[in-house]
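Counted from 1, the sequence shown has number 8 at position 8 by the UniProt record's numbering; the numbering is strictly sequential.
Heads up, the beta-carbon is just placed ideally off N, CA and C, and yes, glycines get one too.
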Amino acid sequence: TLKNAIDTGTHRPIHTPPYRKSNKDQETLNKETDKLLKNGTIEHSTSPWSSPVVLVKKKDGTTRFCVDYRRLNQITTKDAFPLPRIDDIYDQLTKATHFTKFDFKSG
1 TLKNAIDTGT
11 HRPIHTPPYR
21 KSNKDQETLN
31 KETDKLLKNG
41 TIEHSTSPWS
51 SPVVLVKKKD
61 GTTRFCVDYR
71 RLNQITTKDA
81 FPLPRIDDIY
91 DQLTKATHFT
101 KFDFKSG
């Protein structure tokens with residue numbers, strides 16, 4: 001389990017109500033939510049914080065399950081350290097012989 005804390009200072013919790021959806025989109029949302037609950041990717045919560053789910057159509061016609069965190073991002077204290085430069089990371093890998101990647105499916 002990955003634990004993470006988001007620093008929002010002393011800001012009160014943000015609750016954004018769900019966006020209006022068509023019956024078809026609501027059905028898709030319910031199926032995807034049930035699947036994510038069943039496989040343990042998400043869990044029930046009683047948190048006062050809430051961000052709406054957005055269904056985004058992918059090029060292949062399937063739907064991507066996304067969460068709109070824009071309001072949360074507005075009040076989040078940004079980290080003071082910069083992200084590493086990708087070219088510096090590549091330079092460190094020049095003598096490596098084994099590579100791997102992580103594929104975090106739906107999570």
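- Under the three-state reduction of DSSP output, LYS57 falls in the strand class.
- Bounds of the beta strand (DSSP E) holding THR63 are 63-67.
- With respect to the C-alpha of VAL67, the residue from THR10, THR16, PRO84 having the closest C-alpha is THR16.
- Per the Cβ contact rule, the stretch 32-44 is not in contact with the stretch 71-80 (fewer than 3 Cβ pairs under 8 Å).
- Scanning ARG64, LYS58, VAL54 for the CA closest to the CA of ARG70 turns up VAL54.
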